[in-house]
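For reference, the structure discussed in these notes is given below.
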Amino acid sequence: MKRAAIYARFSTELQSDRSIEDQVALCREFAKRSNFQVVGLYDDRARSGASMLGRTGLMDLLSDAREHAFDVVVVEALDRISRDQEDLAGIFKRLSFGGIEIVAVHDGKADIVQVGIRGLVGALYLSDLAHKVRRGMAGVVRDGRHAGGRAYGYRPVPGKPGEMEIVEEEAAIVRRIFEERAAGDVARTIAARLNDERVAPPRGQFWRGGTISGNHKRANGILNNEVYRGQLVWNRVRMVKAPDTGKRVSRENPESEWQRVEAPHLRIVSDELWQAAHGKMRYTATPHKRKTKRLLTGLLRCGCCGAGMSMKDIHRGTIRIMCSQAKEAGACTNRRAYDLLDIESRVVRNLREQLGSREAIELYVRAYNDEIVRGTSEAAAARARAEVLLNDAQRALDRTVEGLVRGRISEEEADRLLPDLRKERDRLKAEVAALDEPPKLVTLHPAAVDAYLAKVDRLAAALAGDPGSMIEHVEAVRALVETVVVEPAPTGVTPDLTITGFLARLCGNWAFPQCTLRGGSSGSGGGTRTPDTRIMIPLL
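What follows is the structure in structure tokens.
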């Protein structure tokens, strides 16, 4: 008797959970007719078949397939597994490699021809569905209704899909934003003023300059949203799904494909006010080029509010950074500008001084492993005991099933023994799953350490020469550092820095565990150990 796993899926929240139950019932009946023993049920509710991302049921099925937990996967149809040609073929390839068949109730055992055809049909279905949805949205806009998305200042009309009405309290804020911009105030000043007055933003906790000014080319942000002047503009962008991440990414459409419809009932600002506000805005077209990534781009954090830090200006040839929350929203008290090159130099110098020798690395790894062993020995022993009991229960279940197949026990005996054995096996499996995996101890590979030390030496040499040449070694630093927190400090006082990071990402995995370096400008203080087993080293 072959062991079977049943997989079921439905696509959207508009469908009923009954769809899963109906699919499972159909597959169970098919398995019974085919003399399969159902040993597992997997499902994904309200998950599209266009991607494998976010489908935990499918991921669990593939994980158990690698453990040979079943011999057959039973589905209502192949499009339940995937409507993507690449994904369906990949799943079929991996299951076939493990000796596991895919059997569809309506189509029988899947083979390479059927997988190819069904994958093509599924992809065509998704493409056709996308065209029909866009056609429907275009019709909604032609009728003067909104095609989707929430705009600040409006709310949907109950019982009338696509229709919106003005929320006067929010509309007053919109008019105020246009009036203040027309008077010459910049978006950041307006945002800070709204935050000071505790005006609720469209989303999130604070108003930001970008919320107000947006991007002129993409026509987002309050000042660029033409619905406020009584015009619905649709099809500025199209959404495509990134194949590697499953995330939807917007792509701009040419202006010839935009669809404009007059909607005077949605007007909040007059044409005169719109023109006055936009007359104060300056748009400069710059050629698209990839920004040069600095050593700590995206890694700097404000020690006051935790927000990121970004460039403020260039003062006397020096790049200065400040808290983005303070700059964009005026919502942080840490408003000082800090010398970026000074921070970069201190980070590199201390990485070399504190972690720039083989002895220092070996000391860290030894201390880390000792802490791991002390903190997890009891949990590891408990997991080992549970795994032994689980293996015993699985063997007892397998022996009983084998005895039934070989005729050593009767069906009546099997019916009496198997339910309890399965119940005990499943209980122990859940117990093991609830226990944490024991952490792996770190081992040092000489070549990995040599490569790491060579990177640190090159960084130090660059620092001693032209500081700008450190940019050539950006990835070396980013392999070591996760975040750098700049603690608030008065003008003229060197700020304390807290570095949280990784020693190196080498040998195809984390060669070293996560660690924390902490300290300030004084260079005082010694190493201390925190409850989460991180080791603290002073930053000079």
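Residues in the sequence shown are numbered consecutively from 2, following this note's numbering. All C-beta atoms in this analysis are idealised placements derived from N, C-alpha and C, irrespective of residue type, glycine included.
| Query | Result |
| --- | --- |
| Buried or exposed by the 16-neighbour rule on C-beta atoms within 10 Å, applied to T401 | buried |
| Closer than 7 Å: L63 CB and nearest the ligand MN heavy atom | As far as ligands go, the structure on display features none, and thus does not contain the ligand MN. |
| Touch test, the region 187–204 against the region 110–122, Cβ-Cβ under 8 Å, three pairs minimum | no |
| Where R48 falls, given that 16 or more other Cβ within 10 Å makes a residue buried | buried |
| CB contact check: A385 to chain D, cutoff 8 Å | You won't find chain D in this structure, because it holds only one protein chain. |
| With 16 other Cβ atoms within 10 Å as the buried cut-off, status of L518 | Low confidence applies to L518: its pLDDT is 44, below 50, so where it sits in the model is not reliable, and the reading given next is rough at best. Counting Cβ neighbours within 10 Å, L518 comes out buried, since at least 16 surround it. |
| Own chain, CB closer than 6 Å to H107, minus 5 neighbours either side, in chain order | A78 |
| Cα-Cα separation between S311 and Y229, rounded to whole angstroms | 31 Å |
| Closest Cα partner of S325 within the set N221, C303, R384 | C303 |
| Alpha-carbon to alpha-carbon, E379 and D427 | 23 Å |
| One or two residues paired with H217 in a DSSP bridge | Note: H217 sits in no beta bridge, so no partner. |
| I213 versus Q232 - alpha carbon distance | 18 Å |
| Meets three-Cβ-pair contact criterion under 8 Å: the region 337–351 and the region 313–321 | yes |
| 8 Å Cβ cutoff met for V104 and V134 | no |
| Cβ pair E425, A387 closer than 8 Å | no |
| L42, DSSP secondary structure in three states | strand |
| Local conformation of P157 per DSSP, three classes | strand |
| Helix, strand or coil at E263 according to DSSP, with G and I counted as helix | strand |
| Where the alpha helix (DSSP H) containing V187 begins and where it ends | That residue, V187, is in no alpha helix (DSSP H); it is neither H nor E in DSSP. |
| Which of helix, strand or coil DSSP assigns to R317 | coil |
| CB of D80 within 8 Å of CB of S52, strictly | no |
| Unbroken stretches of the alpha helix (DSSP H), 4 residues or longer, contained in the region 394–445 | 412–435 |
| Bridge partners - F37, DSSP secondary structure assignment | K3 |
| Beta-carbon gap between L544 and L390 smaller than 8 Å | Because residue 544 is not part of the residues shown, which for the chain are 2 to 541, the question remains open. |
| DSSP state of Q515 mapped onto helix, strand, coil | Reliability fails at Q515, whose pLDDT of 44 lies under 50, so the model's placement of it is uncertain and the value that follows must be treated cautiously. Q515: strand per DSSP, three-state reduction. |
| When L96, G109, G50, V175 are compared against E68, the one with the closest alpha-carbon | L96 |
| Own chain partners of R417 with C-beta closer than 6 Å, once the 5 adjacent residues on each side are dropped | none |
| Contact check, K3 vs F37, beta carbons under 8 Å | yes |
| M240: first and last residue of the uninterrupted beta strand (DSSP E) it sits in | 238–242 |
| Span separating the alpha-carbon of R19 from that of V241 | 30 Å |
| Buried or exposed by the 16-neighbour rule on C-beta atoms within 10 Å, applied to S128 | exposed |
| Alpha helix (DSSP H) segment containing V75, residue limits | Counting along the chain, V75 falls outside any alpha helix (DSSP H), though it belongs to the beta strand (DSSP E) covering 73–76. |
| Three-state class that DSSP yields for D85 in the structure shown | coil |
| Where R337 falls: helix, strand or coil (DSSP) | coil |
| Beta-carbon proximity list for A415, same chain, < 6 Å, skipping 5 on both sides | L405 |
| Nearest-angstrom Cα separation, counted from A90 out to A201 | 49 Å |
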